Structure formats: C-alpha cells, structure tokens
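*Asks:*
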Amino acid sequence: MAADPAVPVPLSGPLGRRVSRHRQRIKAIAASYGAGPVRVFGSVARGSERADSDIDLLLDLPERKGTTPGEAGQASAPEGVSPRGRWRG
Numbered sequence: 163m164a165a166d167p168a169v170p171v172p173l174s175g176p177l178g179r180r181v182s183r184h185r186q187r188i189k190a191i192a193a194s195y196g197a198g199p200v201r202v203f204g205s206v207a208r209g210s211e212r213a214d215s216d217i218d219l220l221l222d223l224p225e226r227k228g229t230t231p232g233e234a235g236q237a238s239a240p241e242g243v244s245p246r247g248r249w250r251g
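So for the sequence shown, our numbering puts the first residue at 163; every next one is plus one.
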C-alpha cells in the first residue's frame, strides 16, 4: 500500500529536519503561487542525504498561458530561490 502524499512523513537527516522546521513557510510560499501539495523526493526523502545533497521539492503549479515550462517559475521565484531553482536560504 502506497503512503498518502498528504500525510507528512518524518524526515530523518539534517536537511530533512531543516525542511520539517520550515514546513509551514514552504507551504505558505507554495500556496502564494497557487501550488498544490509540496512533496520532498530524492536523497532527503529517503534519509540518505550527504553533506553536498540538495533538497528536491515537487510542486504542482497552475498552468500559465504564454510561458514555456520552467519560464513561469524563473520569472517569479520567491526571494532565496535562484533562477535555476536552488534555495539559498
């Protein structure tokens, strides 16, 4: 049986704990862009992150007419997120 994506799963590594601490802020930023649920994937979700790991987030964004994939996010990324989508916070 697959886990319910709406139910938060404990993240065990240092970066996972950082995501957990900032969960409400991450959700609020995503919601301000009309995004659906925020999902963590990759090494942080598996608990196998390393010192050089990044945090992979998956968001469902509403379709924007007149933009190419990725362009909409680059044009209006929140403070602390670079145009390539890397969080510097």
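Think of the CB as a built atom: it goes at the ideal place given N, C-alpha and C, for glycine as much as any other residue.
Note that the structure is a prediction, hence the values are computed from the model and not measured.
May I have the straight-line CA-CA distance separating I217 from E225, to the nearest angstrom?
*Replies:* Near 24 Å, if we compare the C-alpha coordinates of E225 and I217.
*Asks:* For R212, collect the residues of the same chain with a Cβ closer than 8 Å to its Cβ; drop the 5 residues on either side in sequence, then sort them by chain order.
*Replies:* Cβ within range, chain order: S205.
*Asks:* Need the endpoints of the alpha helix (DSSP H) that R180 sits in, please.
*Replies:* It spans 176-183 - the alpha helix (DSSP H) in which R180 sits, taken as one unbroken run.
*Asks:* Kindly indicate which three-state DSSP category R187 falls into: helix, strand or coil?
*Replies:* Note: R187 maps to helix in three-state DSSP.
*Asks:* Quick one: residues in its chain with C-beta nearer than 7 Å to the C-beta of R179, no 5 flanking neighbours on either side, listed in chain order?
*Replies:* Taken in chain order, the residues that qualify are L173.
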